[in-house]
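S.K.: Residue numbers (the numbering used here), protein chains in the order written: chain A, 2 to 198; chain B, 2 to 198.
We treat Cβ as the ideally placed atom computed from N, Cα and C, and that holds for glycine.
Fair warning: this is a prediction, and the values are worked out from it, not measured in the lab.
First the structure, which I've put down as C-alpha cells, then a few questions once you've had a look.
Number of protein chains: 2
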Amino acid sequence: MELFFKQGYDNTTVDQIASAAGMSRTSFFRYFATKDDIVLGRVDELGHQVAEALVTRPEAEPVWHALRGAFDPLLELTAAAPERWLAVARMLSDAPSLKASQLGRELAWQDMMVPDVARRLGAANAALDARPRALVAAAIACLNAARDVWSASDETLDLTTLLDQAMNALIDQMDGAENRSDARLSDGIVLGESGRP
Amino acid sequence: MELFFKQGYDNTTVDQIASAAGMSRTSFFRYFATKDDIVLGRVDELGHQVAEALVTRPEAEPVWHALRGAFDPLLELTAAAPERWLAVARMLSDAPSLKASQLGRELAWQDMMVPDVARRLGAANAALDARPRALVAAAIACLNAARDVWSASDETLDLTTLLDQAMNALIDQMDGAENRSDARLSDGIVLGESGRP
DNA sequence: TCCAGATCTGGTACTCAGTACCAGCTTTGG
DNA sequence: CCAAAGCTGGTACTGAGTACCAGATCTGGA
Chain A
2 MELFFKQGYD NTTVDQIASA AGMSRTSFFR YFATKDDIVL GRVDELGHQV
52 AEALVTRPEA EPVWHALRGA FDPLLELTAA APERWLAVAR MLSDAPSLKA
102 SQLGRELAWQ DMMVPDVARR LGAANAALDA RPRALVAAAI ACLNAARDVW
152 SASDETLDLT TLLDQAMNAL IDQMDGAENR SDARLSDGIV LGESGRP
Chain B
2 MELFFKQGYD NTTVDQIASA AGMSRTSFFR YFATKDDIVL GRVDELGHQV
52 AEALVTRPEA EPVWHALRGA FDPLLELTAA APERWLAVAR MLSDAPSLKA
102 SQLGRELAWQ DMMVPDVARR LGAANAALDA RPRALVAAAI ACLNAARDVW
152 SASDETLDLT TLLDQAMNAL IDQMDGAENR SDARLSDGIV LGESGRP
C-alpha cells in the first residue's frame, strides 16, 4: 500500500511489491490472488459484514431504511481511520481499472443481500422479480456516490451525512418537480439521524 | 463476437480474433484499444445517447421520471435485436472481468448525466452535493438490475416492464412496511406506461 | 506520368500480470 | 529421529497491451 500511495497503483509492479515485502514473486501470488487484491481484498469480507447487518435489521423497518442501516458497520470503519480510506478512495479515482474491479466485487454484495430484501418485500419468486435486485444495487450505488463526493471534498463533508442525503434523495426526488411538493420528509420516515445510536 | 459466442470470452485469444478477421495482431489493436472493446465499444457512445435523451426531457418532469425516459433509446435498441443483446448479457455473466469493465465504462455515463440532474435539482454546487450523483448512479443500477433479471429469465419477461418495476420500486419501496401504506402509485406519478409513445 | 508525403500494414521485441510445475527447505507430529 | 506436510523460490510459460521499425499502398499535386 505504501508503494501504491508513493508511486501510484499502475506504476507499481508486483515484483517491486514482492521485493519490498521481502518475498519472491511466486510467494506473493500465494497470499494475493491478484494485484488488486492488496487494495480490494477487504471488500469481499466487508460485503459479508454488510449482509449480516442487513439480516439483523428489524423486520418492521422499511426496506430502504434497512439497507441504509446495513451500511453502518462500513461507516464505522471509515470513521475509525478516515485518512486511510480517503487515500484509498483517491487511489481508486486515479486507477480506473481498479475502480472497475471494485464495482465487480460489489456485485457479490448484491447476491448476498438480495435474498433478504426479496423476503422483506414478500417477493414470490426472487429470480424473476427485478425489484429486490434494483433496491440493493441502488443502495450500493448511493454508497459509491456518497464516497465519491466525500473523497472529492477532501473529507470536509461527513460521509454519513452524504450517504443519508444520497439515499433520501431517491425517496423525495420528486420535490424537484412542481406537481408533488407535499413535503415527504415530514411524514415520519426520515433517514438521516437514525441508524446509529 | 462469433468466436466469443462459440468458445467463450476468456477462451478466445486476440490472435484467434485477428486471424479470423484476416488481419495481424498489430492491426487489431489499431482498431480496438483492448480486447473487451469488441464487446463494450458501443457502451461509450450509448452513454452519449442516454445523456442526450436526458437533456431533451421536459423541464417540468420529475427527475426520476426523466432518468427513466433517458433509457428509452437503449430499450429501443434492445427491442430491435433482443436475441443479440441477450447473448451479450449471457456473455457478461460468464466473464466477471468483462462485467466489471462494463460497470467501469458506465461510470462515464454518470459524469455525462450528473450535470443535467444537478441543474434539474437546483443544486448549488454539484461537486459537493451527493444527490445528483446518487440519483444517476441509482438509475443506472436499476437498469443493470433489470437487465440481469431479464437475461436470467431468458427473455420471457419484457425488459421495459422490468425496468419500470425496478425504478418504481425505489419510489414506493415503503409499501413493504406496514406504517406507510397509502398507495403512492395512485398519486398520479406512475412511471410504467409512460416514457414512450 | 512520376514522385513525395501520408497512411495502412505486418513483424519483432518488449513489459507485466497471472499460471503451472518442480525442487529444496523448514516445520510439525509421531 | 524420521517422514509427511507445508512453505518457499526458481523457471518457464501464456496472453494482453505497448513501442518501434520497415515495407506496401494510396493519395495529391507537378
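Among A:L76, A:L163, A:L160 and A:R91, whose alpha-carbon lies nearest the alpha-carbon of V40 (chain A)?
M.R.: The residue given as residue 40 (chain A) occupies position 39 in the first sequence. It is A:R91 whose Cα lies nearest to the Cα of V40 (chain A).
S.K.: Could you name each continuous alpha helix (DSSP H) segment of 4 residues or more that falls completely within the region 111-153 of chain A, going from the start of the chain to the end?
M.R.: Runs found: 131-153.
S.K.: On a Cα-Cα basis, can you pick out the residue from B:M168, B:Q111, B:Y10 and B:T13 that is closest to A131 (chain B)?
M.R.: Working through the second sequence from its first residue, we reach residue 131 (chain B) at position 130. That would be B:Q111, whose Cα lies nearest to the Cα of A131 (chain B).
S.K.: So V150 (chain A) contacts chain B; which residues on that side make the cut at Cβ distance below 8 Å?
M.R.: Against the first sequence, residue 150 (chain A) aligns to sequence position 149. Under the 8 Å cutoff, chain B gives A128, L129, D130, A131 and R134.
S.K.: State the start and end residues of the unbroken alpha helix (DSSP H) segment that holds K7 (chain B).
M.R.: In the second sequence, the residue the question calls residue 7 (chain B) occupies position 6. Unbroken alpha helix (DSSP H) run through K7 (chain B): E3 to Q8.
S.K.: Taking three-plus beta-carbon pairs below 8 Å as touching, is the region 144-156 of chain A in contact with the region 145-159 of chain B?
M.R.: Taking 8 Å as the limit for Cβ pairs, the verdict is that the region 145-159 of chain B does not touch the region 144-156 of chain A.
S.K.: How should Y10 (chain B) be labelled, buried or exposed, when 16 other C-beta atoms within 10 angstroms of its C-beta is the threshold for buried?
M.R.: Here residue 10 (chain B) corresponds to residue number 9 of the second sequence, with the count starting at 1. Y10 (chain B) is buried by the Cβ-count criterion.
S.K.: Mind listing the chain B neighbours of A147 (chain A)? Cutoff is C-beta to C-beta under 9 Å, in chain order.
M.R.: Along the first sequence, read from residue 1 onward, the residue named residue 147 (chain A) stands at position 146. Result: A131, R134 and A135.
S.K.: Can you give me the start and stop residues for the alpha helix (DSSP H) that I39 (chain A) sits inside?
M.R.: One-based indexing of the first sequence puts residue 39 (chain A) at position 38. Residues D38 to V56.
S.K.: DSSP three-state call for G105 (chain B): helix, strand or coil?
M.R.: Translated into the one-based positions of the second sequence, residue 105 (chain B) becomes position 104. Correct three-state label for G105 (chain B): helix.
S.K.: Thinking C-alpha only, which one of B:S102, B:L4, B:P133 and B:M2 is nearest W65 (chain B)?
M.R.: To locate residue 65 (chain B), count along the second sequence from 1; it is residue 64. Closest option to W65 (chain B), Cα to Cα, is B:P133.
S.K.: Let me know the secondary structure DSSP gives M24 (chain A) once reduced to three states.
M.R.: The sequence position of residue 24 (chain A) within the first sequence is 23, counting from 1. It is coil, neither helix nor strand.
S.K.: For K100 (chain B) and chain A, any beta-carbon pair shorter than 8 Å?
M.R.: One-based indexing of the second sequence puts residue 100 (chain B) at position 99. Cβ-Cβ to chain A under 8 Å: yes for K100 (chain B).
S.K.: Taking A90 (chain A) as the query, report the chain B residues whose CB atoms sit under 7 Å from its CB, ordered along the chain.
M.R.: To locate residue 90 (chain A), count along the first sequence from 1; it is residue 89. The contacting residues do not exist; A90 (chain A) stays about 14 Å from chain B at best.
S.K.: Using beta carbons (cut-off 8 Å, strictly below), is G105 (chain B) in contact with chain A?
M.R.: For this step, residue 105 (chain B) is matched to residue 104 along the second sequence. Chain A contact via Cβ: present.
S.K.: State the Cα-Cα distance for the pair A167 (chain B) and L136 (chain A), rounded to the nearest angstrom.
M.R.: Within the second sequence, the letter at position 166 stands for residue 167 (chain B). Within the first sequence, the letter at position 135 stands for residue 136 (chain A). Roughly 8 Å between the two C-alpha positions.
S.K.: For the region 54-67 of chain B, list every residue whose C-beta sits within 9 Å of some C-beta in chain A, in sequence order.
M.R.: Correct list: A61, E62, P63, V64, W65 and H66.
S.K.: Any beta carbon of chain A sitting closer than 8 Å to that of P97 (chain B)?
M.R.: Residue mapping note: residue 97 (chain B) aligns to position 96 of the second sequence, counting from 1. Closer than 8 Å: yes.
S.K.: Out of B:D73, B:F5 and B:L55, state which residue places its alpha-carbon closest to the alpha-carbon of A119 (chain B).
M.R.: Your numbering for residue 119 (chain B) matches position 118 in the second sequence. With distances taken between Cα atoms, A119 (chain B) lies closest to B:L55.
S.K.: Using 8 Å as the Cβ pair cut-off and three pairs as the minimum, do the region 79-98 of chain B and the region 2-17 of chain B touch?
M.R.: At 8 Å Cβ cutoff, the stretches touch.
S.K.: Alpha carbon to alpha carbon, how far is A96 (chain A) from S102 (chain A)?
M.R.: Here residue 96 (chain A) refers to the residue found at position 95 when the first sequence is read from its first residue. Here residue 102 (chain A) refers to the residue found at position 101 when the first sequence is read from its first residue. Distance between the alpha carbons of A96 (chain A) and S102 (chain A): 10 Å.
S.K.: For P74 (chain B), which of helix, strand or coil comes out of DSSP?
M.R.: Taking the first residue of the second sequence as position 1, residue 74 (chain B) is located at position 73. Three-state result, P74 (chain B): helix.
S.K.: Here's a check: name, in chain order, each residue in its chain whose Cβ is nearer than 8 Å to the Cβ of D16 (chain A), leaving out the five neighbours to either side.
M.R.: Translated into the one-based positions of the first sequence, residue 16 (chain A) becomes position 15. The answer, listed in chain order, is R26.
S.K.: Give me, in chain order, the residues of the same chain whose beta-carbon lies closer than 8 Å to that of D38 (chain A); leave out the 5 immediate sequence neighbours on both sides.
M.R.: For the purposes of this step, residue 38 (chain A) is identified with residue 37 of the first sequence, where counting begins at 1. There are no such residues.
S.K.: Work out the CA separation of G48 (chain B) and D200 (chain B) for me, nearest whole Å.
M.R.: In this structure chain B extends from 2 to 198, so residue 200 (chain B) is not present and cannot be described.
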